[in-house]
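Taking the numbering used here, I'd label the letters of the sequence shown as residues 9 to 369.
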Amino acid sequence: MTNLYGRIQYSINSSFTFSWSHFYLEGDRQLKTALPPASNILQTRLDSFDPMKTYVTVARLRHRANRNQTTELALNYGSRRLNGHRAGSADWLEYDYEYGATIVYSRELSRNNILRISGLYNRWVTPTGKRFYVGNPGDIRTYSAAVVDDHDFGKLDISIGYRFTREHINEFGGFNVEGSAGPLQSVMVKDKWSDPLHTINLGASYTLNEKKSLFGNFAWGQLASQPGLLDINLQQPGAEERFKFDLGFRQDIQSLGDISLSGFYVRRSDAALTSRTKVVLDGIDYALYSSEDQKNYGFELDIHSRKFKNGIQFFLNGTLMETERTQQGAWQDDEEVPNFIFKEVSALLTYCVSSSVFAEM
């Protein structure tokens with residue numbers, strides 16, 4: 009993989025600042041074959057993607073009306089394209105792009121209180137379909153609005169926020185549901201609005217001293233169910249509810265970086281957990297689901313080094329958790345979710361170039 013990143017920032021005047029970021033990636037990828045007890049097909053399937061190309065650009069215009077008010081407009085565009093190859097099968101193309109806009113208005117209500125109001129529009133289009141959806145075009149528009157209030161009480165900082173989201177599915181055909189036997193190719197959704205979704209978040213941090221702090225967060229939100237699901241009564245599922253609690257401790261280590269340890273608990277209520285059964289209704293494929301509850305709980309360790317003089321910074325993250333789901337009203341271990349997730353040590357290299365041209369800007 010080879011990637012390039014560039015960013016330009018320009019102060020138009022004392023009130024307006026413009027910045028523009030670009031990211032480009034190109035390379036190839038080969039997938040490892042699966043091990044038992046995976047199906048024989050997955051154990052012998054040879055897949056590769058070459059070339060893979062990704063491009064993302066984000067332009068921001070920031071306006072500071074006065075010391076108490078700031079407005080920022082961000083425009084984004086991204087595209088992803090790959091040529092897929094599978095031994096014994098015809099090659100295929102996966103292509104999708106998206107674009108959108110975000111506007112954020114911030115106002116300092118008092119010396120210790122800041123209110124932020126934001127709106128978002130995003131459109132995602134895949135003329136070819138992607139992954140399990142290859143051959144089935146998709147076109148989804150997302151609308152969202154949020155309000156967040158942050159108050160600083162000295163050592164204690166509290167924030168509360170609310171977000172409203174709704175999607176318009178202009179076109180979406182064929183998909184794969186987690187747990188189902190395979191793609192449901194005959195599903196086709198056109199010109200459909202999803203249910204309105206709501207999210208509430210409450211967070212707080214408390215500074216013990218200049219190097220130690222506590223933090224906590226509570227979130228409640230709704231997730232739209234995927235189209236093409238039916239229960240045993242052939243009814244579509246409603247929105248899923250999720251609750252999440254986090255509580256942790258952060259320590260700054262002089263000259264090295266910072267380390268944090270947190271505990272978390274996530275509860276999914278009325279989750280549409282699919283079975284491996286498919287039903288055909290009016291000539292359309294549906295995946296049968298059962299409305300069950302699921303919960304995850306565990307600990308997460310996160311380590312960030314400081315950025316060294318050569319521009320390198322190291323990261324390490326590990327999660328230990330237990331996942332359970334109800335089946336016919338009784339809690340059981342969910343064997344499809346891993347108990348331990350470890351992200352190996354990774355490094356970020358930042359290299360800055362300056363010149364008289366930039367200085368004049």
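By construction, the Cβ of each residue, glycine as well, lies at the ideal position given by its N, Cα and C atoms.
State the CB to CB distance for the pair residue i and residue j, rounded to an integer number of angstroms; the pair is presumed to be in contact (CB under 8 Å).
i           : j           : result
residue 250 : residue 271 : Going by Cβ atoms, the distance from residue 250 to residue 271 rounds to 17 Å, so no, they are not a contact pair.
residue 238 : residue 289 : 7 Å
residue 157 : residue 130 : With a Cβ gap of about 24 Å, residue 157 and residue 130 do not count as contacting.
residue 327 : residue 300 : Between residue 300 and residue 327 the Cβ distance is about 23 Å, and since that is not below 8 Å, they are no contact.
residue 113 : residue 79  : 5 Å
residue 94  : residue 50  : Not a contact, Cβ separation roughly 12 Å.
residue 68  : residue 27  : 5 Å
residue 276 : residue 302 : 4 Å
Which residues mark the beginning and the end of the beta strand (DSSP E) in which residue i is found?
i           : result
residue 20  : Segment: none, residue 20 is in no beta strand (DSSP E) and carries neither H nor E.
residue 316 : Segment: none, residue 316 is in no beta strand (DSSP E) and carries neither H nor E.
residue 243 : Premise fails: residue 243 is in no beta strand (DSSP E) and is neither H nor E.
residue 220 : 220–231
residue 80  : 77–94
residue 133 : 121–134
residue 214 : 205–215
residue 57  : 55–74
residue 108 : 100–118
residue 156 : 146–160
residue 341 : 338–341
Along the chain, where does the alpha helix (DSSP H) that runs through residue i open and close?
i          : result
residue 48 : 48–52
Residue i and residue j: beta carbons closer than 7 Å?
i           : j           : result
residue 259 : residue 315 : no
residue 215 : residue 163 : yes
residue 232 : residue 209 : no
residue 174 : residue 135 : no
residue 254 : residue 225 : yes
residue 304 : residue 274 : yes
residue 77  : residue 115 : yes
residue 280 : residue 245 : yes
residue 339 : residue 330 : no
residue 66  : residue 84  : yes
residue 8   : residue 307 : There is no way to answer for residue 8, as the model of the chain reaches only from 9 to 369.
residue 126 : residue 154 : yes
residue 213 : residue 165 : yes
residue 211 : residue 268 : no
Figure out for me which residue from the options has the closest Cα to the Cα of residue i.
i           : options               : result
residue 317 : 87, 338, 264 and 177  : 264
residue 62  : 79, 104, 308 and 27   : 104
residue 19  : 70, 226, 11 and 343   : 70
residue 149 : 171, 127 and 178      : 178
residue 87  : 43, 60, 14 and 302    : 60
residue 34  : 211, 42 and 64        : 64
residue 171 : 161, 206 and 151      : 206
residue 176 : 166, 278 and 152      : 152
residue 97  : 75, 56, 133 and 72    : 56
residue 181 : 202, 161, 147 and 211 : 147
residue 248 : 298, 262 and 72       : 298
residue 37  : 9, 43, 201 and 100    : 9
residue 262 : 101, 336 and 218      : 218
residue 311 : 343, 342, 25 and 350  : 350
residue 52  : 341, 58 and 41        : 41
Below 6 Å, is the gap between the Cβ of residue i and the nearest heavy atom of the ligand ATP?
i           : result
residue 102 : Ligands displayed in this structure: none; no statement on the ligand ATP is therefore possible.
(request) Evaluate contact between the stretch 137–148 and the stretch 107–121, counting only Cβ atoms and requiring at least three cross-stretch pairs below 8 Å. (result) no
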